[in-house]
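Participant: One structure coming up, written as structure tokens, with questions to follow.
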Amino acid sequence: MAYEKTNAITIRYADYSDTSRVLTFYTRRFGRVSALAKGAKRRYSRLIGHVDLLSFGEIVFISGRTRDRLHILTEACAFETFPAIRKDLARLYAACHAVQLVNAMTAEDDPSPELFDRLLGLLRWLGQGIEPAAPLFAFEAHLLVLTGFMPELSSCVSCGKPNRQSTTAFSSALGGILCERCSAGQTDVVPDVPSGALNLLERLARGKLTRLDRIRVAPQVVASARTFLNHYETYILGRELGTTKDL
Ligand SMILES: [Zn+2]
16 MAYEKTNAIT IRYADYSDTS RVLTFYTRRF GRVSALAKGA KRRYSRLIGH
66 VDLLSFGEIV FISGRTRDRL HILTEACAFE TFPAIRKDLA RLYAACHAVQ
116 LVNAMTAEDD PSPELFDRLL GLLRWLGQGI EPAAPLFAFE AHLLVLTGFM
166 PELSSCVSCG KPNRQSTTAF SSALGGILCE RCSAGQTDVV PDVPSGALNL
216 LERLARGKLT RLDRIRVAPQ VVASARTFLN HYETYILGRE LGTTKDL
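Under the working numbering, the sequence shown has 144 at position 129, and the numbering climbs by one with no breaks.
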């Protein structure tokens with residue numbers, strides 16, 4: 016039996032049987048990992064008492080022992096539980112959206128220590144009680160870069176013309192913005208995305224804005240960035256995440 020130990024963030028809970036649960040973690044050493052927590056639904060489970068959703072800690076599991084190839088969780092402890100996230104719905108929705116994205120966009124056992132650190136960083140920013148919009152955008156931009164889905168936001172994805180318009184159309188199917196000429200006749204585009212929203216995402220993706228607590232984003236820029244990111248994430252995942260409507 017191979018016991019594995021790693022730092023982990025709890026990203027999903029699911030019922031498995033009358034007494035057990037399957038917990039999904041994003042781990043630093045193994046990427047996304049699902050593990051069976053036996054007896055986890057009992058009221059005073061020693062195991063589950065330490066692994067709340069959105070908590071950061073350390074887990075020990077036995078690698079792939081069950082018939083359906085689930086790992087078996089044997090130990091869990093929490094280092095940080097970010098109580099401030101649960102005290103505010105906007106912060107909670109942002110954190111839940113981030114972990115749902117990680118669950119949907121990463122493969123099992125495909126580690127990215129940088130993505131782990133970015134997710135932990137997001138939870139820590141939100142755990143400080145700051146406005147969630149900028150930290151969530153920053154996380155989403157890094158996630159898109161790290162998974163190879165970052166869209167083209169500075170020049171037309173069709174003809175390559177640099178964007179100098181104050182608003183522009185965004186095509187999820189083509190993975191980027193379209194100039195006025197190339198967007199003519201295109202039906203499934205997000206129209207009128209302000210360049211402020213595109214610039215913000217680009218600068219966050221390139222790591223140019225790091226003091227996320229100091230970024231003030233105008234409400235209309237937040238709304239526009241949210242609209243085209245929701246459209247794009249829904250397109251690349253092939254479905255809408257449960258948290259999208261709450262943001
Ligand atoms: Zn064009």
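The beta-carbon is built from N, C-alpha and C at its ideal position, and this holds for glycine as well. This one's a predicted model, so the numbers in the text were calculated from it and none came from an experiment.
Quick one: residues with CB closer than 6 Å to any heavy atom of ligand 1, in chain order, please.
Facilitator: Output, sorted by chain position: Cys171, Ser173, Cys174, Lys176, Leu193, Cys194, Arg196, Cys197.
Participant: DSSP three-state label for Glu95, please.
Facilitator: Note: Glu95 maps to strand in three-state DSSP.
Participant: Distance, Cα to Cα, Val182 vs Ser32?
Facilitator: For the sequence presented, residue 182 should be read as Thr rather than Val. Approximately 51 Å between the Cα atoms of the pair.
Participant: May I ask you to list the residues that DSSP assigns as paired with Asp30?
Facilitator: Answer is Arg36, bridged to Asp30.
Participant: If you draw a straight line from the alpha carbon of Ser35 to that of Cys111, how long is it in whole angstroms?
Facilitator: Whole-angstrom Cα-Cα distance: 22 Å.
Participant: Is the stretch 224 to 232 close to the stretch 195 to 210, with three or more CB pairs under 8 Å?
Facilitator: No, the stretch 224 to 232 does not touch the stretch 195 to 210.
Participant: Any idea which residues DSSP pairs Ala23 with across the strands?
Facilitator: Partner(s): Thr42, Gly72.
Participant: Determine whether the Cβ of Leu85 lies closer than 9 Å to any Cβ atom of chain E.
Facilitator: Looking at the structure shown, chain E is missing, and only one protein chain is on hand.
Participant: Between the alpha carbons of Thr162 and Tyr250, how many angstroms are there, rounded?
Facilitator: In a straight line, the C-alpha of Thr162 is about 15 Å away from that of Tyr250.
Participant: Can you give me the Cβ contacts of Thr25 inside the same chain, cut-off strictly under 7 Å, excluding the 5 residues immediately before and after it?
Facilitator: Result list for Thr25: Leu38, Phe40, Val66, Asp67, Leu68, Leu69, Ser70, in chain order.
Participant: Using the three-state DSSP reduction, which class does Val114 fall into: helix, strand or coil?
Facilitator: Helix, per DSSP.
Participant: Beta-carbon within less than 6 Å of Glu255's beta-carbon, same chain only, minus the 5 sequence neighbours each way: which residues are those?
Facilitator: Closer than 6 Å at the Cβ level, and outside the excluded window around Glu255, lie Thr249.
Participant: Please go through the same chain and pick out, in chain order, the residues whose beta-carbon is closer than 7 Å to the beta-carbon of Leu215, but skip the five residues on each side of it.
Facilitator: Within the same chain, Leu215 has close Cβ partners Phe152, Val232, Val236, Ala240.
Participant: Spell out a yes or no on whether the stretch 165 to 173 and the stretch 185 to 196 are touching, meaning 3 or more CB-CB pairs, one atom from each, closer than 8 Å.
Facilitator: Because the criterion of three Cβ pairs below 8 Å is met, the stretch 165 to 173 and the stretch 185 to 196 touch.
Participant: Let me know the secondary structure DSSP gives Ser173 once reduced to three states.
Facilitator: Coil at Ser173, not helix or strand.
Participant: Who are the near neighbours of Val204 in its chain, counting only those whose CB is closer than 7 Å to its CB and skipping five residues on each side?
Facilitator: These residues qualify, in order along the chain: Ala184, Phe185, Ser186, Leu193, Ser198.
Participant: Cα separation between Leu138 and Phe131?
Facilitator: The straight-line gap from Cα to Cα measures roughly 11 Å.
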